[in-house]
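Student: Residue numbers for the sequence shown follow full-length UniProt numbering, beginning at 1 and rising by one.
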Amino acid sequence: MAVAIGNGRYYKLFRGNSAPKRLLIGELNEPGLLSSSFIQGIVGQVFPIKNSERYGKLCKIVLREDLEKRTLRSTCATINAFLLGDLADEGDRIKEGDRVVLSEVVVECSPTDEHLYQLIAWREKSQASIWVINNKGNVRVNNASGNEKTQVNNAEDGKNLTCSADTDEEETVVQETSEPGFYIVKKTSTGEEGRRRSKPKIFEKRKGKFHLGPKGVTPSKSHVMRKVSDAVVVIDKSEVTKRGVKRSSPNPVLDVKRLRASPGPSSQLSSRDQLGSPREGERAKEKSSREAADYTVPQGYTTLANLKPETVVNIYGVVKSFKPAWKCRGTDMCSVLMITDPTVVDSTFGLECVFFQQTISRLPAVHKVGDIVRLHRIKISQYQEKLQAMSSRGFAAIVFDRDSEVPVTAEMARVSSSTFSLSKEDKDTIQCLIEWCDCNPAIFPLTNFIPVTEINPDCYFDLVGQVLGVALHRTLDCVVLFVTDGTHPKCDIREGIGDEYNVVEPPDNHRSAKDGDIISVFLYGAYAEVARLLARKGNYVILHNLHSQILKQGGSVCSVVDVVRPYVELCIHRGTCYGRGLTLLSADSPEVIGIKKRLGV
């Protein structure tokens, strides 16, 4: 949930992709705890703080529905909210006209006739949280972990950002200023120390409507001195089945079954079949060239063709390939992207981006090839004679879906930071990259998600489903997810049941009773840790590079039963190759909407 805080900036209330649902004031119909939803409104009146024998302190505020959220059912709807105990101190800071968001609060019946219900925010009853956003864009958060204040400077460029927390620990803040360079402030308990990192000035020239310089659209060949870390493999048509890639015994060097996703009918077409006639292919190529020539980035950003080593930049790009988050050897989570943009002359070139963060929510939430990413404050370095980008202090990312039907709005953005900006120039750049991605299906092929009913033995594919339960192996680093997508498999699949498994979240009985409604997916190694941190009952996930591995029931020797009716284990192997991993989907993503229709939710 992203809330506008003025000056083109937004604040994300809840971390992660599975945010609670907003509930309008007029939609309250029964008392209880708002565990999976929240209330948002404008402060109409604030009453003075009173002392209470039962609660200690008490403050009453009146909330009215947001103007943009008013409906025929909730026109001018208001509700009384009572802040009790330590939360009552927030009443001194709340002013009329502020925007207030309440989560994990208790809904009670109101004793007055004016309102049907009232809200109770009291830490002794629930883990209540409150967000206060004033007219200047300052955000104050009061939750169970403590108070936090985010201040947004309303400068003309809207890029100054200062974050502070109520703690005595040392803190370092990176501020963007309108002048060149970054101003780094190091706060300690004794005071502040500041220093400025200057960036070299780069002069720009205009010629017609095109930019020449750091925002140039026709890079010289001397600037593009990069190698390629990914490759395109052409598979013989006889080796490709309808729903998977089989083993290729004639060629022992190339193991084609290790491709990231099983090609469907659309991916088996040649480039000429995808583009139609040669004339249509030329028109598509000319259209792509025109879009590349017209491509510009907003001020403060750099195109990929103009990157230089040992610089910290902001960039846009389209994902060519990626590795979902995994637990590295240290304490951090890691993720890798390969991105490109229209300014790169050769489509085989790309910029490799490596990210290390303490939590998965701080990494770019990429779901599939072709997603649009905006990366702030990444460091460009030279690695093995090619450019490489790495996350630096103050790193932030925004990801938009490649689907042109998904609106480019702050609500649909998958962000890694609570506060972010999204101007009209940003939206135009993202829309331009989406159109350029659609015009180049050979570079950005559509991800072919395979339903459970079309799984073939010994194939690699991507699967979208809903998690109905979680189990942990007692001795191995293995996590079992009980998943469904509303379809039934046509082959026997191994189930994660037995004494060696500890079922943490068991599936519902009415779902387990259905024949073949639930399948077991085994995740090993680093992905077991990711599943343990991310997967919860009711979540929707993408399982990347899932392998339908054949288990031989008759021992090491293959029997007739293994051929006629193979026994399959769905697993994600160890290692970080071939884009293996697990991705958590938000409730409003296009993939989840399709699954919900199939499940009848």
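Built from N, CA and C at the ideal position, the CB exists for glycine as well. The structure presented is a predicted model; accordingly, all values stated were derived computationally and were not measured.
(1) Looking at the secondary structure, which residues open and close the beta strand (DSSP E) in which K597 lies?
(2) Between the alpha carbons of V373 and G579, how many angstroms are there, rounded?
(3) Excluding the 5 residues flanking G85 on each side, which residues of the same chain have their C-beta closer than 7 Å to its C-beta?
(4) With DSSP as the reference, please indicate the residues paired to F482 in a beta bridge.
(5) Decide if the segment 321-338 is in contact with the segment 351-359; the criterion is three or more beta carbon pairs, one per stretch, under 8 Å apart.
(6) Per DSSP, A305 forms a beta bridge with which residues?
(7) Who are the near neighbours of V575 in its chain, counting only those whose CB is closer than 8 Å to its CB and skipping five residues on each side?
(8) Straight-line CA distance for Y567 to V521?
(9) Look up A77 in the DSSP assignment and say whether it is helix, strand or coil.
(10) Where do the ends of the alpha helix (DSSP H) carrying Y527 lie?
(11) Taking the C-alpha atoms as reference points, what is the distance between C571 and G581?
(12) Hey, how far is the Cα of L375 from the Cα of G300?
(13) Should C437 go down as buried or exposed, given a rule of 16 or more other Cβ atoms within 10 Å for buried?
(14) Nearest CA to the CA of H544: which residue from A442, F420, K368 and T311?
(15) Mind checking which residues open and close the beta strand (DSSP E) that includes I455?
(16) Per DSSP, what are the beta-bridge partners of Y55 in this structure?
(17) Taking the beta strand (DSSP E) that Q357 falls in, what are its first and last residues?
(18) Look at the alpha carbon of I94 and the alpha carbon of M412, and state the distance between them as a whole number of angstroms.
(19) Using the beta-carbon count (16 or more within 10 Å), is E104 buried or exposed?
(20) Where does I380 land, buried or exposed, given buried means 16+ other C-beta within 10 angstroms?
(21) When the Cα atoms are used, what is the spatial distance from P324 to V366?
(22) Take the Cβ of D401 as the centre, count every other Cβ of all protein chains shown within 10 Å, and call the residue buried at 16 or more, exposed below.
(23) Does DSSP classify Q45 as helix, strand or coil?
(24) Residue range of the beta strand (DSSP E) that C334 falls in?
(25) Buried or exposed, going by whether 16 or more other CB atoms sit within 10 Å of the CB of I497?
(26) If you measure between the beta carbons of L472 and V541, is that distance less than 8 Å?
(27) Would you kindly work out how many angstroms separate the C-alpha atoms of D294 and D485, rounded to a whole number?
(28) Might you give, ordered along the chain, the residues of its own chain that have their beta carbon closer than 7 Å to the beta carbon of P309, omitting 5 neighbours on each side?
(29) To the nearest angstrom, report how far apart D98 and D92 are at their CA atoms.
(30) Quick one: give me the first and last residue of the beta strand (DSSP E) that T311 is part of.
(31) Here's the rule I'm using: 16 or more other beta-carbon atoms within 10 Å means buried, otherwise exposed. How should Y10 be labelled?
(32) Report yes if the CB atom of P457 is closer than 8 Å to the CB atom of I519, and no otherwise.
(33) Please name the residue or residues paired with E108 in a DSSP beta bridge.
(34) Mind checking P342: buried by the 16 CB within 10 Å criterion, or exposed?
(35) Going by the CB atoms, is the gap between G317 and L363 shorter than 8 Å?
(36) Count the other C-beta atoms from every protein chain shown that fall within 10 angstroms of the C-beta of A305, then say buried if there are 16 or more, exposed otherwise.
Tutor: Working from what's here:
(1) Segment P590 to L599 is the alpha helix (DSSP H) holding K597; no beta strand (DSSP E) there.
(2) C-alpha separation (whole angstroms): 18 Å.
(3) Same-chain partners within the cutoff: Y55, G56, K57, W122, R123 and E124.
(4) DSSP lists G469 and S520 as the bridge partner or partners of F482.
(5) Contact between the segment 321-338 and the segment 351-359 is present, because at least three Cβ pairs lie under 8 Å.
(6) Beta-bridge pairing links A305 to no other residue.
(7) Correcting the residue identity first, residue 575 is Gly in this sequence and not Val. Non-local C-beta neighbours of G575 in its own chain, meaning closer than 8 Å and more than five positions away in sequence, comprise G525, ordered along the chain.
(8) If you draw a straight line from the Cα of Y567 to the Cα of V521, it comes to about 14 Å.
(9) Note: A77 maps to coil in three-state DSSP.
(10) Note, Y527: alpha helix (DSSP H), A526 to L534.
(11) Rounded to the nearest angstrom, the gap between the Cα atoms of C571 and G581 is 10 Å.
(12) Roughly 12 Å separates the two Cα atoms.
(13) Counting other Cβ atoms within 10 Å of its Cβ, C437 reaches 16 or more and is therefore classed as buried.
(14) K368 is the residue among A442, F420, K368 and T311 whose C-alpha sits nearest the C-alpha of H544.
(15) Where I455 is concerned, there is no enclosing beta strand (DSSP E), given that its DSSP letter is neither H nor E.
(16) Bridge partners of Y55 according to DSSP: none are assigned.
(17) Here the beta strand (DSSP E) through Q357 covers L351 to Q357.
(18) The C-alpha of I94 lies about 29 Å from the C-alpha of M412.
(19) So E104 ends up on the buried side.
(20) It counts as buried.
(21) For P324 and V366, the gap between their C-alpha atoms comes out near 8 Å.
(22) Buried, because 16 or more other Cβ atoms sit within 10 Å of the Cβ of D401.
(23) It is a strand residue.
(24) From DSSP, the beta strand (DSSP E) with C334 extends over M333 to T340.
(25) Classification for I497: exposed.
(26) No.
(27) Cα-Cα distance, rounded: 42 Å.
(28) The beta carbon of P309 is closer than 7 Å to those of I380, S381, Q382 and L387 in its chain, skipping five residues each way along the sequence.
(29) The straight-line gap separating the alpha-carbon atoms of D98 and D92 is approximately 12 Å.
(30) Annotation for T311: the continuous beta strand (DSSP E) segment containing it runs T311 to K327.
(31) So Y10 counts as buried.
(32) The criterion of a C-beta distance shorter than 8 Å is not satisfied by P457 and I519.
(33) Partner residues in the beta bridge of E108, as assigned by DSSP, are Q118.
(34) In this structure P342 is buried. Its beta-carbon is surrounded by 16 or more other beta-carbon atoms within 10 angstroms.
(35) Contact flag unset, no.
(36) Under the 10 Å beta carbon count, A305 is surrounded by 16 or more other beta carbons and is classified as buried.
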